[in-house]
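In my numbering, the protein residues as written are 3 to 262. Using N, Cα and C, we set each Cβ at its ideal position, and we do this for glycine too. Since the model is a prediction, treat every value here as computed from it, not as a measurement. Take a look at the structure set out below.
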Amino acid sequence: MKFSLNGSVTHETFDALGAVRVLDYRKHRVLTFDSVFEQSKIARKKPWLPVHEYNRAMLLPLVFHEPAHATVLGVGGGVMISALHHMLPACRIHGVELRRAVAEVAHEFFAMPDDERVRITISDARPALQKMAPGSTDLILADLYNADRMSPAQAHRRFVDQCHQALSNEGWLALNFHLAPARDGTLMRHLARLFPEVFLYRTKTNNFVIYAGKQPVTIPPPNDPGLEALEKQLPIGWAGLVEKLMPQSRQTAREEETPA
């Protein structure tokens, strides 16, 4: 997300790909690579609670299936890992991060969990996916960005194929996109061929999250007890998030529209 960042610099380090900076504000802490784009943002008193809308939206697959194993591609400040770790006590989490310096900063400054349930691999996402056993994960959250743009790998059919192979039969894929994908474009058509369910979510700042699920689902109404239970686990406004889901396939029906 793009802002003019002027917080207090708490930490700064450099690697072969450039700067990794931690900025502090009164209530929040931000990870940035260029002091223009917020790569990650946490509430300093609740680091497990996602701040950005797109981070919250990326968790929507949990409405349809609770993962026993989750994979996060692009760890950043560890926001997704912290949220999953807090919300799902039995879930094992595998984070893949290209830059070791970023993973170290996530642990030291963003309270990313470091226990037996969390495993971090320093690697490009594509070879890491290739090494994963077929059907070995229930959820893949892909947020692959450099300092100012999304990694083009995330939009490639081969990347989607690798994710599909790694996902279990109940699995879900969520992709953070900086632009709206064309509904009849190569990516969306390929997703529709592989997955019976495809959704799109648009944030207030015009980020887009694409979801692809291996099983047909019904979108619950805002007053669904399941959403209320999720809200108690992680208070991010699940009902409002679900209302913004836009079905991109013919499989989906909203529960309130389903005939009795």
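Collapsed DSSP secondary structure at SER42 in the structure displayed: As a position in the sequence shown, residue 42 is number 40, starting the count at 1. Strand, per DSSP.
Residue environment, THR73, which counts as buried when at least 16 other CB atoms sit within 10 Å: Within the sequence shown, numbered from 1, the residue matching residue 73 stands at position 71. Answer is buried; the Cβ neighbour count reaches 16.
Assigned secondary structure, ALA184 (DSSP; H/G/I helix, E/B strand, else coil): Position 182 of the sequence shown, counted from the start, is the residue given in the question as residue 184. Coil at ALA184, not helix or strand.
Boundaries of the alpha helix (DSSP H) in which PHE161 is found, first to last residue: In the sequence shown, the residue the question calls residue 161 occupies position 159. Unbroken alpha helix (DSSP H) run through PHE161: 159–168.
ARG204 vs GLN250 beta-carbon contact at 8 Å: For the purposes of this step, residue 204 is taken as residue 202 along the sequence shown, with counting starting at 1. For the purposes of this step, residue 250 is taken as residue 248 along the sequence shown, with counting starting at 1. Not closer than 8 Å, so no.
First through last residue of the beta strand (DSSP E) which encompasses GLU99: Along the sequence shown, read from residue 1 onward, the residue named residue 99 stands at position 97. Bounds of the beta strand (DSSP E) holding GLU99 are 94–99.
Range of the contiguous beta strand (DSSP E) that encloses GLY20: Sequence index remark: in the sequence shown, residue 20 carries index 18 (1-based). Its beta strand (DSSP E) spans residues 20–26.
Candidates ARG94, PRO129, ASN209: closest to GLU55 by CA position: As a working note, residue 55 is residue 53 in the sequence shown. Nearest option by C-alpha distance: ASN209.
Whether TRP174 touches HIS67 by CB criterion (8 Å): Counting from one through the sequence shown, the residue named residue 174 turns up at place 172. Counting from one through the sequence shown, the residue named residue 67 turns up at place 65. Yes. Within cutoff.
Reduced DSSP category for MET134 - H, G, I as helix; E, B as strand; rest coil: As a first step, residue 134 must be located in the sequence shown, where it is residue number 132. MET134: coil per DSSP, three-state reduction.
Extent of the continuous beta strand (DSSP E) to which HIS13 belongs: Locating residue 13 in the sequence shown gives position 11, where the first residue counts as 1. Note, HIS13: beta strand (DSSP E), 10–17.
Cut-off 8 Å between Cβ atoms - residues of its own chain near GLU245, not counting five sequence neighbours on either side: The residue you call residue 245 lines up with position 243 of the sequence shown. Once the five neighbours on either side are set aside, the close Cβ partners of GLU245 are PRO224.
ALA176 burial status per 10 Å Cβ neighbour count (16 or more: buried): By 1-based counting over the sequence shown, the position of residue 176 is 174. By the neighbour-count rule (16 or more Cβ atoms within 10 Å), ALA176 is buried.
Under 8 Å between C-beta atoms of ALA45 and VAL53: What you label residue 45 is simply residue 43 of the sequence shown in a count that begins at 1. What you label residue 53 is simply residue 51 of the sequence shown in a count that begins at 1. A contact, by the Cβ cut-off of 8 Å.
C-beta atoms of LEU229 and TRP240 nearer than 8 Å: As a first step, residue 229 must be located in the sequence shown, where it is residue number 227. As a first step, residue 240 must be located in the sequence shown, where it is residue number 238. Against a cut-off of 8 Å, the Cβ pair of TRP240 and LEU229 comes out as a contact.
Best match in LEU143, ARG128, GLY78 for proximity to ALA113 [C-alpha to C-alpha]: The residue labelled residue 113 in the question sits at position 111 within the sequence shown. Closest option to ALA113, Cα to Cα, is GLY78.
Limits of the alpha helix (DSSP H) - the one that PRO227 falls within: The residue you call residue 227 lines up with position 225 of the sequence shown. Counted as a single uninterrupted DSSP element, the alpha helix (DSSP H) harbouring PRO227 occupies residues 227–235.
DSSP-derived helix/strand/coil call for GLY239: Taking the sequence shown and counting its residues from 1, one reaches residue 239 at position 237. It is coil, neither helix nor strand.
Residue of HIS96, ALA130, ALA182 minimising C-alpha distance to ARG121: Your numbering for residue 121 matches position 119 in the sequence shown. Among HIS96, ALA130, ALA182, the Cα nearest to that of ARG121 belongs to HIS96.
Per-residue burial, LYS216 [other beta carbons within 10 Å of its own, 16 or more giving buried]: Along the sequence shown, one-based indexing puts residue 216 at 214. So LYS216 counts as buried.
Collapsed DSSP secondary structure at HIS109 in the structure displayed: Position 107 of the sequence shown holds residue 109. Looking at HIS109 - three-state DSSP - the assignment turns out to be helix.
Inter-residue spacing [alpha-carbon to alpha-carbon] between PHE161 and PHE39: Counted from its first residue, the sequence shown places residue 161 at position 159. Counted from its first residue, the sequence shown places residue 39 at position 37. Using only the alpha carbons, I get a separation of about 25 Å.
Where the beta strand (DSSP E) through ALA85 begins and ends: Looking up residue 85 in the sequence shown gives position 83. Premise fails: ALA85 lies in the alpha helix (DSSP H), 81–89, not in any beta strand (DSSP E).
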